[in-house]
Amino acid sequence: MSSTVVSTAAELAEAVNVGAEVIEVNGTITGSPMITLQPGVTLRGGTLEFGAKGVRLTKDNVLEDVTLTTADTEVAILNDTTVTDFGRLTLREVTTRGQVLLLAEEQVRAGHVQVEGLRVLSADVRGRSRRPHGFGVEALQGGFTLWNRQPDPAVTITAELLDISIGTKDEPVRGSGVFVGGHGDWQGHGNGGVLAVSHLRTGEVHTNGGIPAGTPDLISGGVFVISGARVRQVSTTGPVSTYGQNDMVLDNWGTVTTWTTTAPVTSHGPSGIGFVNFGDIDLLDVRAPIRTHGNGARGFNLYDGSLREARFVGIETHGDGSVGIQISKPMGTLLVDGDVITRGGEGLSLVKGIQMPLKAIALSIKPGGQVDRIDVTGTLATSGDAVITAEIDGQVGDLAVAGGIHATGHGSDAVHTSLTDPDLSDLQITAEDGHQVRRS
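Sequential numbering from 50 applies to the sequence shown in my numbering.
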């Protein structure tokens, strides 16, 4: 297939208008308005600098080895929503400044998105008015957003999304990072069109939602699986870091078979959470530390949905109200190959759209929470004043904590639990200035 080489905005416009099958950019082209690629067209090489929107895809388009830049608040890559089937849209080794926004809405009822290397250097999506709602909050769109907004449950969009990186430490994306979702209702449950993803694999992700302090009903996520998404495998292979208020690091509202994390999970703002689940996950395997910094910034929460097994290598929180692990629904096995440590007292934290006081408990099993087996190879430990290290108001089957349960803060208790459950006889339990065990 022959290529049409372009080096000016006029040559680019001509190649687009005549329907050149392959357009190859030589060098850097500035001054072009948004371009719409005709079906089947490939655009590759060079750099295109836009003042407003960038490249609009139609059907069976390929973007390859190309850099597309625009204002951070604009969209660098979008799709034509007047086509009924966008075929296969491929992004291969693409770099952008500006959002990548691919939507199934209006006339779109079918299509597949293939990503094989995407770097969103910067974007600011805080001004987007279309946001999913659920669990008392709205969620900001991402620097990369793939969203099936069709209400018809017969509409399924498929995707394989490999090696997506978002922002940098010095320039985090403003909003969420990677956002994949289907259609959901007001409560946040999928009830329409589905996004079926075989594999979502992310690299380094840095985000700052820029959410004002104290906001109770707006969140963002570093890697965010939204309601209506069904993902067979999520792999977060690069570090994921968030820096602002209400910025979740990893968040699931959808359905995930296996979620594997092999790089650090870190939050640096109030009411951030390392991993929060409202959807359904079979296996969550976090093979790198979760660390949160800020008041109300918790380590792991199972708030809703289901979870068969969760594995961690260590969770550490720094801040008042920053719970280590909180379980509010039944689950199977919880394994921690390391420590769960909190370093804070009582403070405000965002819980389902409400700022409420929490204590920095290391392990909290809430009423309605149930865990068949908990196995911690390290310690459960708190250092804040007037907190509880392990609070068990739900049900726990087997409980093993090799390094013991320890409270070192003033007036802090090690364990609060019911009269009979669970069996604590084999555990080392200490409280320097409080009760070792209080049963109610």
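Glycine residues also receive a C-beta, built at the ideal position from the N, C-alpha and C atoms. In this text the structure is predicted, and so the values were computed from the model without any measurement.
Spatial distance of residue i from residue j (CA atoms)
| i | j | result |
| --- | --- | --- |
| A456 | L429 | 9 Å |
| I339 | P288 | 10 Å |
| G303 | P471 | 32 Å |
| L249 | T366 | 27 Å |
| T285 | T256 | 15 Å |
| I49 | G103 | In the structure displayed, the chain extends from 50 to 489; residue 49 sits before or after that span and is not available. |
| E253 | G216 | 8 Å |
| G271 | T144 | 18 Å |
| A153 | R93 | 24 Å |
| A59 | S81 | 8 Å |
| D494 | L476 | Since the first residue of the chain shown is 50 and the last is 489, residue 494 is not available in this structure. |
| L244 | S467 | 43 Å |
| D434 | R279 | 42 Å |
| D353 | K415 | 12 Å |
| P313 | T291 | 11 Å |
| G191 | G427 | 36 Å |
| G437 | Q375 | It should be pointed out that residue 437 corresponds to Ile in this sequence rather than to Gly. If you take the alpha carbons of I437 and Q375, they lie about 13 Å apart. |
N- and C-terminal bounds of the beta strand (DSSP E) containing residue i
| i | result |
| --- | --- |
| E60 | Where E60 is concerned, there is no enclosing beta strand (DSSP E), although the alpha helix (DSSP H) it sits in stretches over A58 to V67. |
| H465 | D462 to T466 |
| H455 | I454 to A456 |
| I275 | That residue, I275, is in no beta strand (DSSP E); it is neither H nor E in DSSP. |
| A430 | L429 to T431 |
| N128 | V124 to N128 |
| A188 | V186 to A188 |
| Q419 | Q419 to V425 |
| L195 | G191 to N197 |
| V55 | T53 to V55 |
| Q444 | Q444 to V450 |
Environment of residue i [buried if 16+ CB atoms lie within 10 Å]
| i | result |
| --- | --- |
| K408 | buried |
| H459 | exposed |
| I403 | exposed |
| S214 | buried |
| M405 | exposed |
| G500 | An answer regarding residue 500 cannot be provided, because it is not within the stretch 50 to 489 covered by the chain. |
| T310 | buried |
| A125 | buried |
| K218 | exposed |
| P221 | buried |
| Q156 | exposed |
| T341 | buried |
Cβ separation of residue i and residue j, assumed to be a contact under 8 Å, to the nearest whole Å
| i | j | result |
| --- | --- | --- |
| T118 | G147 | 7 Å |
| N110 | L86 | 5 Å |
Quick one: which unbroken beta strand (DSSP E) runs of 3-plus residues sit fully inside the region 214-241? Chain order, please.
225-230
Along the chain, which unbroken stretches of the beta strand (DSSP E) at least 3 residues long are found entirely within the region 141-166?
148-153
Can you give, in chain order, each stretch of the alpha helix (DSSP H) that sits fully within the region 68-136 and has at least 4 residues?
none
What are the uninterrupted segments assigned as beta strand (DSSP E) that are 3 or more residues long and contained completely in the region 321-402, given in chain order?
Segments of the beta strand (DSSP E) lying fully in the region 321-402: 322-326, 329-335, 339-342, 347-351, 355-361, 364-367, 374-376, 379-385, 389-392 and 395-400.
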